[in-house]
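Notes to accompany the following structure.
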Amino acid sequence: MLDIEKIIQDIYALEPSLKEREAELLKIIKEIAALKPDTKFDQNFYNQLKIKLMENITPKEDVRGFWQNLFSKKLIFVPVALAVLAIVVVPSLMNKNRAGGGQVVALADRAFGSLVVSSGGTNEKSSGIVSQEAVAPTRSMGLGGNAELMMGGGGGTTMVTMGMSAPVSTQLKTTAVSSDSVVGSGVAISSKMMAPYYYQPYTFEYKGEPLVLAEDKMDVLRRIKNTAVVSGELNSILANAGFNAMDWGKLSGMKLQNISMTEDKKGGFSIYIGVEEGSISINKNYDYVRCMSLDCGPRPLKESDMPSDETIIGLADKFLSEYGINKDDYGKPEVQNDWRVYLGMASAEMKPDFYYPETISVIYSQMLNGKEVYDESGNKTGLVVNVDIREMKGAGLWNLFSQKHEASAYEVEKDTTRLVKLAEQGGFRRGYYYAEGTVDSSEDGQVEVKKNVIELGTPTIGFVKMWIYNENNGQEMIVPAYIFPIVKKPDDIYFYQKNVVVPLIKEILDQDQNQPMPMPMMKGGIEPMMGASGGATMMAQ
Amino acid sequence: MQADEQIIINCQKGNLKEFGILYDKYVKRIHDFIYFKTYHKETAEDLASKTFLKALEKISSYNSKIGTFSSWLYCIARNTVIDHYRTKKNTSDIEDVWDLSSGEDIESDIDARENLAQVKAHLAKLSPEHRDIVILRVWQEMSYAEIAEVLGKSEDSCKMMFSRTIAKLREEMPVALFVIFILMNHYVRH
């Protein structure tokens, strides 16, 4: 706030005679202050210049390989797209830096503001990261198996899709009813809380070493997204590319959001570039529908067709190498081979008809400051390459993001007892997982509770990707976290999760204490009780 | 928060990533300062970019004994604006958009032109240095000590210049205000 009185007093100190003209002085200063123009400072400019500065800080790489390879393959494109790619997109997305961890620019402490979700904000994405693995284990068994249950990490205000056919209990406790989420086949309710299907919790027990956190503060990271082309540049590109049918200069604030291109040949690739998100995905154009049955098309794959993990990783590596995609920012590749688990669980009758996947994914986990990045369900996140098993070659990729981040330190929760307790509740968002076959209803309506113990080992420090919503603006933050490995679990059920994740930033943990908790579905005569801590007990009425 | 001086020492030792902290701290102020002197969004962004790129390039030559980082950055910004107009007009007597006649400032943002006309009614007759003092003191709310560093003058000198500038504007106020009131009434009615 401009201190006009101070300005006036300074003037009087030098020119006392002007006191007589105070009204006029006030008027002139107020007039000048009121004429201060809107400078139109915007986030796009801020981000673009920051990216440009960082590119000047770190050595540039030759980014031509990837694109030369693509464009040499008869891509359909127009000059404007190429120009935009050359000027804006490619340098941003493909800029290589270095020693696994991308570019990280240090900001002042707490530069991202509060990490606490505002009370009015909805946090649909925050806990709604539903990984493929998070789908109920029955989903992929056999041909056409339907997902019986799909749920996020639990808690929060996750929007959850529950594809179950079981009737929803009339005692199901939800906070509100609206039309923004789905339960069952088309019934919409707001899922401030979600109700697991015949809820039966696992019990997590920490078996690792005593923990000590030395640091008072740790860096929270935020990816710097490409905010596209400012109007002047884009207008100029369009005009120069011969698009003269209209006056581009009349449009203001234009920005490029995405570009899609395709290779004009059978089995070519489609490329989607999310300019705002700074992402690239590549998918193979299958110009025919693959037949999955025995009486048409190629025969279904057999177990003997399935290559080893080493072979699959080799094919994924070859694909990345062919397209000049650098792997420096990523960790050791891992094959997503859950089909092997499902195969192991399939009964002898089901095994002859078991569906062997035509495409298998390899994940190259994202590395930041030498640490792996996870999602909230404890799965590694990063670049994913799809390998076509029938053709034995790379069939596309996704999650190829620009690797430019800014970092700001936040206070760490040093009470490791609290952190372990959160882990023993299933993690920050608390895992409420349907444990198939663990609940049995007897004739008198009583429920037999079977205790499923999941043992957690000593954690490593990594990062977890979280969506933080504040004032209805969501942003993806990469938060330091304890990654507790699951070292032991029951043999007779498939528990998909491999790790339990607990963020280490105090204010994030503090906010979660007030979030609504899911309520289990009820069976006759049984009143489920859940404390705010997420532990669960069942009590006969 | 780290002091500028420590961040610059770190940058000069090779940890240039910390330049991002300085960027975050000053980018809006520098951008706004340049916008005030150009009244054109794209030009302001272009010149602000050049300012920070120059600062990054020359950070090793910055000497804190001569002045603060802030004043150094403002000096680069001022010179970048002057270079822009002098190169464009191929003359040596233009420093910013206020030195252009109303027929020459067609580059300015359409929605800001009437505002520019009003500001010109007040400030166009001032020297570029006096205008900068007014901008820095009233629009950027800088202290005289900060202004003195930016302009390379003493604090007292800046106080005196500002005081006399306001006194001069006051003397011319009847005409200037008349124009402003007419324009403002026009705005209110429309």
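Chains A and S, in that order, are what the protein sequence lines are. Mind the numbering: the first sequence is residues 1 to 541 in my numbering, read in order. Mind the numbering: the second sequence is residues 1001 to 1190 in my numbering, read in order. We put the CB at the ideal spot given by N, CA and C, even for glycine. The structure presented is a predicted model; accordingly, all values stated were derived computationally and were not measured.
From A:Asp3 to S:Gly1152, what distance separates their C-alpha atoms? 24 Å
Any residues in the region 15-30 of chain A with a beta carbon nearer than 8 Å to a beta carbon of chain S? Which ones, in chain order? Glu15, Leu18, Arg21, Glu24, Leu25, Lys27, Ile28, Ile29
Test: S:Ser1061 CB closer than 9 Å to a CB of chain A: no
Expected contact under 8 Å - CB spacing of S:Val1138 and S:Ser1071 to nearest Å: Not really, about 18 Å apart at Cβ, beyond 8 Å.
Closer than 8 Å, Cβ to Cβ, to anything on chain A: give me those residues from the region 1131-1152 of chain S, in chain order. Val1134, Arg1137, Val1138, Trp1139, Glu1141, Tyr1144
I'd like to know whether the C-beta atoms of A:Lys225 and A:Lys488 end up nearer to each other than 9 Å. no
If you draw a straight line from the C-alpha of A:Gly396 to the C-alpha of A:Ser365, how long is it? 17 Å
Taking DSSP as the reference, what is the three-state secondary structure of A:Gly474? strand
Would you kindly work out how many angstroms separate the C-alpha atoms of A:Lys404 and A:Tyr323, rounded to a whole number? 21 Å
Tell me where the beta strand (DSSP E) around A:Trp398 begins and ends. 393-401
Chain A contact residues for S:Ala1167, given Cβ-Cβ distances below 7 Å: Glu15, Leu18
Would you say A:Trp398 and A:Asn379 are within 9 Å of each other, going by their C-beta atoms? no
Would you report the Cα separation of S:Glu1005 and S:Glu1141, rounded to the nearest angstrom? 22 Å
Quick one: list the residues of chain S neighbouring A:Val220, beta-carbon separation under 9 Å, in chain order. Within 9 Å Cβ-Cβ: nothing; A:Val220 doesn't reach chain S, min ~15 Å.
A:Ile454, enclosing beta strand (DSSP E) - first and last residue: 452-456
Which value, in whole angstroms, describes the spacing of the CA atoms of A:Tyr12 and A:Leu25? 10 Å
When the Cα of S:His1062 is compared with those of S:Cys1011, S:Leu1169, S:Met1161, S:Ser1154, which residue comes out closest? Before going on, a small fix: residue 1062 of chain S reads as Tyr here, not His. Nearest of S:Cys1011, S:Leu1169, S:Met1161, S:Ser1154 to S:Tyr1062, Cα basis: S:Cys1011.
To the nearest angstrom, how far is it from the Cα of A:Met477 to the Cα of A:Asp109? 15 Å
Given this structure, state the Cα-to-Cα distance separating S:Cys1158 from A:Phe243, to the nearest angstrom. 52 Å
So, helix, strand or coil for S:Ala1003, using DSSP? coil
For chain S, check one thing: does any of its Cβ atoms lie closer than 9 Å to the Cβ of A:Glu52? The residue you asked about is not Glu; residue 52 of chain A is Lys in the sequence shown. Taking Cβ atoms only, chain S reaches closer than 9 Å to A:Lys52, which makes this a yes.
By DSSP's criteria, A:Trp467 is part of a beta bridge. Which residues make up the other side? A:Glu476
Chain-ordered neighbours of A:Asp329 on chain S, where CB pairs are closer than 7 Å: The contacting residues do not exist; A:Asp329 stays about 16 Å from chain S at best.
Give the interface partners of S:Arg1170 over in chain A, defined as CB-CB distance under 9 Å, in chain order. Leu18, Arg21, Glu24, Leu25, Lys27, Ile28
Give a single yes or no on whether A:Phe495 has its beta carbon closer than 8 Å to a heavy atom of the ligand NAP. No copy of the ligand NAP appears in this structure; indeed no ligand is present at all.
Contact between the region 410-430 of chain A and the region 498-514 of chain A: three or more CB pairs below 8 Å? yes
Could you tell me whether any Cβ in chain A is nearer than 9 Å to the Cβ of S:Arg1164? yes
Who are the Cβ neighbours of A:Lys371 in its own chain at under 7 Å, not counting the five residues just before and after it? Ile461, Gly462, Phe463
Could you confirm whether any beta carbon from chain S is found closer than 9 Å to the beta carbon of A:Ile11? yes
Taking Cβ-Cβ distances shorter than 8 Å, what residues in chain A pair up with S:Asp1032? Thr39, Phe41
Members of the region 400-424 of chain A that neighbour chain S once the beta carbon cut-off is set at 7 Å: Glu406
Quick test of the definition: if touching needs 3 or more C-beta pairs under 8 Å, does the region 1039-1049 of chain S touch the region 36-47 of chain A? yes
Selection from A:Gly474, A:Met466, A:Lys421 that minimises the alpha carbon distance to A:Phe204: A:Lys421
By alpha-carbon positions, which one of A:Lys250, A:Met218, A:Leu211, A:Glu455 ends up nearest to A:Phe495? A:Glu455
From this set, A:Ala346, A:Ser17, A:Asp415, which residue's C-alpha is nearest A:Glu215's C-alpha? A:Asp415
Within the 9 Å Cβ cut-off, does A:Tyr494 reach chain S? no
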